[in-house]
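Right, one structure below, let's go through it.
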Amino acid sequence: MLEMKNINKIFQTADVQTHALRDFNLTVNEGDFVSVTGPSGSGKTTFLNIAGLLETYTSGDFYLDGQNVGMLNDSGRSKMRNQKIGFVFQGFNLIPDLNLFYNVDVPLRYRGFNAKERKQRIEENLARVGLASRMKHVPSQLSGGQQQRVAIARALATDPRFLLADEPTGNLDSEMADGVMSLLEDINKQGTTIIMVTHDPELALRASRRIQVKDGRVSELDIVAEKALA
Amino acid sequence: MLEIGLIFRALMRNKIGALLIALQIALTLAIMVNAIFMIQDRNVQMSRPSGLDESNTFYLTNTVFGENYNLQAALQTDLQKLRNMDGIDNAIQINAVPLSDGGWSMGLAREPGEDKNSVGTAIYMVDEHGIDTLGVNLIAGQNFTQQDIAWRGAQDTKWPPKAIVTKALATSLFPDDWQSAVGKTVFISKDQPMQIIGIVEQLQAPWNGWSGVERSTLVPSQLESKSAKYFIRTEAGRRDEMMAAVEKFLSESDKQRIIRQVMTVEDTRKQSYQQHIATNKILTTVIITLTMITAFGIVGLAIFSINRRTKQIGTRRALGATQWQIMRYFMVENFMISAVGVTIGAIGAIALNYWLVNTFQIDPISIDLIIYGVIALFIVGQLAVFYPAKRASLISPATATRTT
Numbered sequence: 001m002l003e004m005k006n007i008n009k010i011f012q013t014a015d016v017q018t019h020a021l022r023d024f025n026l027t028v029n030e031g032d033f034v035s036v037t038g039p040s041g042s043g044k045t046t047f048l049n050i051a052g053l054l055e056t057y058t059s060g061d062f063y064l065d066g067q068n069v070g071m072l073n074d075s076g077r078s079k080m081r082n083q084k085i086g087f088v089f090q091g092f093n094l095i096p097d098l099n100l101f102y103n104v105d106v107p108l109r110y111r112g113f114n115a116k117e118r119k120q121r122i123e124e125n126l127a128r129v130g131l132a133s134r135m136k137h138v139p140s141q142l143s144g145g146q147q148q149r150v151a152i153a154r155a156l157a158t159d160p161r162f163l164l165a166d167e168p169t170g171n172l173d174s175e176m177a178d179g180v181m182s183l184l185e186d187i188n189k190q191g192t193t194i195i196m197v198t199h200d201p202e203l204a205l206r207a208s209r210r211i212q213v214k215d216g217r218v219s220e221l222d223i224v225a226e227k228a229l230a
Numbered sequence: 001m002l003e004i005g006l007i008f009r010a011l012m013r014n015k016i017g018a019l020l021i022a023l024q025i026a027l028t029l030a031i032m033v034n035a036i037f038m039i040q041d042r043n044v045q046m047s048r049p050s051g052l053d054e055s056n057t058f059y060l061t062n063t064v065f066g067e068n069y070n071l072q073a074a075l076q077t078d079l080q081k082l083r084n085m086d087g088i089d090n091a092i093q094i095n096a097v098p099l100s101d102g103g104w105s106m107g108l109a110r111e112p113g114e115d116k117n118s119v120g121t122a123i124y125m126v127d128e129h130g131i132d133t134l135g136v137n138l139i140a141g142q143n144f145t146q147q148d149i150a151w152r153g154a155q156d157t158k159w160p161p162k163a164i165v166t167k168a169l170a171t172s173l174f175p176d177d178w179q180s181a182v183g184k185t186v187f188i189s190k191d192q193p194m195q196i197i198g199i200v201e202q203l204q205a206p207w208n209g210w211s212g213v214e215r216s217t218l219v220p221s222q223l224e225s226k227s228a229k230y231f232i233r234t235e236a237g238r239r240d241e242m243m244a245a246v247e248k249f250l251s252e253s254d255k256q257r258i259i260r261q262v263m264t265v266e267d268t269r270k271q272s273y274q275q276h277i278a279t280n281k282i283l284t285t286v287i288i289t290l291t292m293i294t295a296f297g298i299v300g301l302a303i304f305s306i307n308r309r310t311k312q313i314g315t316r317r318a319l320g321a322t323q324w325q326i327m328r329y330f331m332v333e334n335f336m337i338s339a340v341g342v343t344i345g346a347i348g349a350i351a352l353n354y355w356l357v358n359t360f361q362i363d364p365i366s367i368d369l370i371i372y373g374v375i376a377l378f379i380v381g382q383l384a385v386f387y388p389a390k391r392a393s394l395i396s397p398a399t400a401t402r403t404t
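Top line first, the protein sequences correspond to chains A and B. Using UniProt numbering, the first residue of the first sequence is number 1, and each one after it goes up by one. Using UniProt numbering, the first residue of the second sequence is number 1, and each one after it goes up by one.
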């Protein structure tokens, strides 16, 4: 479903060449809940950006849903992001000028759904995260945990194959973080593949599969579910 | 999908900047449209034909200082020699030159008497060569004959019994049928009769700002004056050459006079409309400056708005917006701000014009001009926002995952 083979990412400035990812190899299967941990600067955000088609890579092969991502131009990557990937960001990244309804509406408009279908999806997904009654509120009227729930509703509204979460609980207190994690677990149980970057080892343990990135490489692969079975 | 609803909602939550730009667009439109209208009005005035063969005519002032000088004989000799010069088609003495800002005006009335309504007219004193030399077009009646021409001293108040008038003057005197003016008698200086023997198509008065600038009368008189104007028509394309030649010939042929102010009619026209030309330049500068200030304002607002929303743009890109969709967002946003601006501006332009019409008695502005102004400002807005919008479209979607 997601397959990275020998992915390299080099950031080049006038004087310095930084190898952010080195021969990065990873396969993520449908239904996985993968946590990605690693120290600061290890390359986990670069991995997430490349996995989410937010950045291009320098060399290697990357297949998403069987499609060679390297063949896509900017417009093609935008379409694929919209159709196959949902994002949950650490800072929620909601649009402060729009209420919850229209925040969730943003990716649906890029998808080209008609008004009726958009409305249905918005209402469904806001209900799914428990915020159906607050769709007229703007983000600043919500708590951090609620804002992250809206971001999750926005990510799910397009029915993505993957949900990429970048420190989804990083800006939340432990109670809210737990609530968001539970929601992600539910979503995963319902069949959505999740890749979550986190600093928090406790949250990482809640994923069915854990990987660690160090110096731009996958240094450890720990399939919790398989261990449990063994 | 143009996201008009979403853009509108976002604008409503950040009204001030957008409203200021909309007001700037409105002000620009109101001033621009009226300024263009004033420029057009002046251009129309400046493009009115004088009736003269302007490209092949010039004139000069012949000032006599010798004692016991025979003015009549000298004038006849000069004109005779000038008419025989190679390169010259014809020459006359005239009391004033169209558009030169100096001349005579009188009133013509259909009935004699002090209390009768008269129509103002410029007076040109010419001989039977007048029509040909000026290059005016006789469209009815006939020209003067040599026998019609009478000498007129500086103190004379008596007017000749014949006149040729312009079509505009004939129309003012005989509104029902201008052609019927031929053969009619009109009265000058209260009760001196003058028979209209011909009508010329056009001959402007010396004063371009006068409402009766098209009303002129030719009378068969030769002024006996120590300072006379000679008006000369040359063969096509030989005017500049003949100006020098005529000045030299006249200066050398008689040492009891000086030749001054040798000038083309084209230069006279330019001088006459100098104020119009200067005003048009000022108005054009105002339009360009205002438009540029507005364009810079739009660029400034767009850049500010984009810098403030970098992360938001990155997020939109991450959620699937293409570069074009990001560009389009800002261009549609500008279009909507411009729409508010031009709506207010169009109302402002009409209000300003209404005031100008009532204050300065100018014609009302045409709707076409407002429409062109609106289109122009929409284009300016879109051009101004293009660069910032393009910059916004190049914001990386990876900006969404940056924590700062």
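Idealized CB from N, CA, C, for every residue including glycine.
{"Query": "Can you give the beta carbon distance from B:L79 to B:E224, rounded, assuming they're within the 8 angstroms contact cut?", "Result": "14 angstroms between Cβ atoms; not a contact."}
{"Query": "Measure from the alpha carbon of residue 405 of chain B to the alpha carbon of each residue in B:S180, B:P193, B:L11, then state which is nearest.", "Result": "It is not possible to answer for residue 405 of chain B, since the shown part of chain B is limited to 1 through 404."}
{"Query": "Between B:A228, B:A389, B:S366, which has its C-alpha nearest B:V64's C-alpha?", "Result": "B:A228"}
{"Query": "Give me the chain A residues within the contact set of B:K311, using Cβ-Cβ distance strictly less than 7 angstroms, ordered along the chain.", "Result": "N93"}
{"Query": "By how many angstroms is the C-alpha of B:A376 removed from the C-alpha of B:V33?", "Result": "10 angstroms"}
{"Query": "Under 8 angstroms, Cβ to Cβ, is there at least one residue of chain A near B:W320?", "Result": "In the sequence as presented, Trp is not what sits at residue 320 of chain B; that position holds Gly. Output row for B:G320: interface = yes."}
{"Query": "Please give me, in chain order, every unbroken run of the alpha helix (DSSP H) with length at least 4 that falls completely inside the region 210 to 281 of chain B.", "Result": "239 to 253, 265 to 272"}
{"Query": "So what does A:H19 bridge to, in DSSP terms?", "Result": "A:I10"}
{"Query": "Would you list the one or two residues that DSSP bridges to B:W178?", "Result": "None; B:W178 has no bridge partner."}
{"Query": "For chain A, find out if any of its Cβ atoms is closer than 8 angstroms to the Cβ of B:K390; answer yes or no.", "Result": "no"}
{"Query": "Helix or strand or just coil, what does DSSP make of A:F33?", "Result": "strand"}
{"Query": "According to a CB-to-CB cut-off of less than 7 angstroms, which residues of the region 156 to 167 of chain A neighbour chain B?", "Result": "D166"}
{"Query": "How many angstroms separate the CA atom of B:G297 from the CA atom of B:A392?", "Result": "17 angstroms"}
{"Query": "Pull up the CB-CB distance for B:A26 and B:G345, whole angstroms please, since I reckon it's below 8 angstroms.", "Result": "4 angstroms"}
{"Query": "Do the region 315 to 335 of chain B and the region 105 to 119 of chain A meet, that is, are 3 or more Cβ pairs less than 8 angstroms apart?", "Result": "yes"}
{"Query": "Could you spell out where the beta strand (DSSP E) holding B:K167 opens and where it closes?", "Result": "Counting along the chain, B:K167 falls outside any beta strand (DSSP E), though it belongs to the alpha helix (DSSP H) covering 167 to 173."}
{"Query": "Counting only the same chain and skipping the five closest in sequence on each side, list residues whose C-beta sits under 7 angstroms from that of B:N307.", "Result": "none"}
{"Query": "Closer than 7 angstroms by C-beta to A:A230: which residues in its own chain qualify, once you throw out the five before and the five after it? Chain order, please.", "Result": "Because the pLDDT of A:A230 is 39, which lies under 50, any placement of that residue in the model is unreliable, and the number read from its coordinates should be weighed accordingly. Around A:A230: no qualifying Cβ."}
{"Query": "Could you have a look at B:L71 and say whether DSSP puts it in helix, strand or coil?", "Result": "helix"}
{"Query": "In this structure, how does DSSP classify B:S393 when only helix, strand and coil are distinguished?", "Result": "helix"}
{"Query": "Hey, does B:L19 have any beta-carbon neighbour from chain A nearer than 8 angstroms?", "Result": "no"}
{"Query": "What separation, rounded to the nearest whole angstrom, lies between the Cα atoms of B:T171 and B:F187?", "Result": "16 angstroms"}
{"Query": "DSSP three-state call for A:I95: helix, strand or coil?", "Result": "coil"}
{"Query": "Do you know offhand how far B:S180's Cα is from B:L138's?", "Result": "15 angstroms"}
{"Query": "On the premise that B:V385 lies in contact with B:I334, defined as a C-beta separation below 8 angstroms, what is that separation, rounded to the nearest angstrom?", "Result": "It is Asn, not Ile, that sits at residue 334 of chain B in the sequence shown. With 8 angstroms as the limit, B:N334 and B:V385 qualify as a contact, their Cβ atoms being about 4 angstroms apart."}
{"Query": "Whose C-beta lies closer than 6 angstroms to the C-beta of A:D97 among residues of the same chain, with five residues either side of it excluded?", "Result": "none"}
{"Query": "According to DSSP, is A:K44 helix, strand or coil?", "Result": "helix"}
{"Query": "So A:V180 is in the alpha helix (DSSP H); what residue range does that whole segment cover?", "Result": "174 to 189"}
{"Query": "So B:T401 contacts chain A; which residues on that side make the cut at Cβ distance below 7 angstroms?", "Result": "T45, L48, N49, L54, F89, D166"}
{"Query": "Where does A:P63 fall in DSSP's three states?", "Result": "According to the sequence displayed, residue 63 of chain A carries Tyr and not Pro. If DSSP states are grouped into helix, strand and coil, A:Y63 belongs with the strands."}
{"Query": "Any beta-carbon of chain A closer than 8 angstroms to the one on B:R48?", "Result": "no"}
{"Query": "Which chain A residues sit within Cβ distance under 7 angstroms of B:A10?", "Result": "D97, L98"}
{"Query": "Taking only runs of the alpha helix (DSSP H) that begin and end inside the region 112 to 150 of chain B, which ones reach a length of at least 4 residues, in chain order?", "Result": "130 to 134"}
{"Query": "DSSP has B:N62 in a bridge; who is on the other side?", "Result": "B:A228, B:I259"}
{"Query": "Give the residues from the region 315 to 339 of chain B that approach chain A closer than 8 angstroms (Cβ to any Cβ), ordered along the chain.", "Result": "T315, R316, R317, A318, L319, G320, A321, T322, Q323, W324, Q325"}
{"Query": "Can you check DSSP and say which residues form a bridge with A:V218?", "Result": "A:V213"}
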